[in-house]
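Be aware that the sequence shown starts at 459, since it is given in the working numbering, and climbs by one per residue. One structure below.
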Amino acid sequence: MKIAIGSDHRGYEAKERIKALLQGLGLTVSDYGTNSRQPCDYPDTGFAVAQEVSAARVDRGILFCGSGIGMSITANKVDGVRAALCHDELTAQMARRHNDANVLCLPADLVGDALMQSIVKMWLGTEFEGGRHARRVEKILAFERDNHQGPATAAEASTPS
């Protein structure tokens with residue numbers, strides 16, 4: 459399995475630890491940064507990883523930031539990406555089983571290393587159930603195919619019509 463990973467500065471250390479875990483499991487890891495604790499903008503790496511997943515150049519992606527929220531919002535802007543912010547093994551399992559989540563977002567400031575490793579292992583080891591869940595995921599994909607337009611600016615996104 460080929461995994462793309464990325465983080466902002468707050469997720470850098472967690473990313474490095476999980477990268478070592480993934481490599482130890484024999485997975486191929488492509489690291490899209492950041493490569494230090496220097497402040498950076500999470501959308502840069504979030505979009506890079508999400509685009510790799512969307513283009514099927516990797517099987518799945520894992521993103522890290524302080525809360526996991528920014529990376530989740532970013533990744534879910536990319537067509538074909540189903541990013542899930544997970545805080546425990548159950549949410550990781552359900553994200554895969556019911557939602558076919560192809561990007562895992564992790565909150566580096568909120569989850570300890572042992573739990574984070576367990577979350578990643580659960581997410582990697584859980585298969586999509588399909589069935590009624592496949593119908594629901596297909597509805598999301600159909601919406602993306604039919605609705606490629608969005609607000610051009612952040613101001614438009616937050617201004618009620």
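Think of the CB as a built atom: it goes at the ideal place given N, C-alpha and C, for glycine as much as any other residue. What you are looking at is a predicted structure, and each value in this text was computed from that prediction instead of being measured.
query                                                                                                         : result
Own chain, CB closer than 6 angstroms to Ala550, minus 5 neighbours either side, in chain order               : Cys544, Ile577, Met580 and Trp581
First through last residue of the beta strand (DSSP E) which encompasses Thr486                               : Thr486 to Asp489
Outcome for Phe522 when other beta-carbon atoms lying within 10 angstroms are tallied against a minimum of 16 : buried
Per-residue burial, Ala462 [other beta carbons within 10 Å of its own, 16 or more giving buried]              : buried
C-beta contact flag for Val539 and Val511 at 8 angstroms                                                      : yes
DSSP beta-bridge partners of Gly524                                                                           : Answer is none; Gly524 lacks a bridge partner.
Beta-ladder partner(s) of Ala541, from DSSP                                                                   : Val561
Straight-line gap, Lys597 to Glu585 (C-alpha atoms, nearest Å)                                                : 19 angstroms
Residue closest to Ala514, alpha-carbon to alpha-carbon, out of Asp567, Leu564, His467 and Val536             : Val536
Inter-residue Cα distance where the pair is Glu471 and Ala600                                                 : 37 angstroms
Environment of Asp466 [buried if 16+ CB atoms lie within 10 Å]                                                : buried
Integer-rounded CB distance, given that Gly469 should sit under 8 angstroms from Gly524                       : 7 angstroms
Contact under 8 angstroms by Cβ, Val595 with Asn557                                                           : yes
Whole-Å CB distance - Val487 paired with Gly519, under 8 angstroms assumed                                    : Not quite, the Cβ-Cβ distance comes to about 11 angstroms (not below 8 angstroms), so this is no contact.
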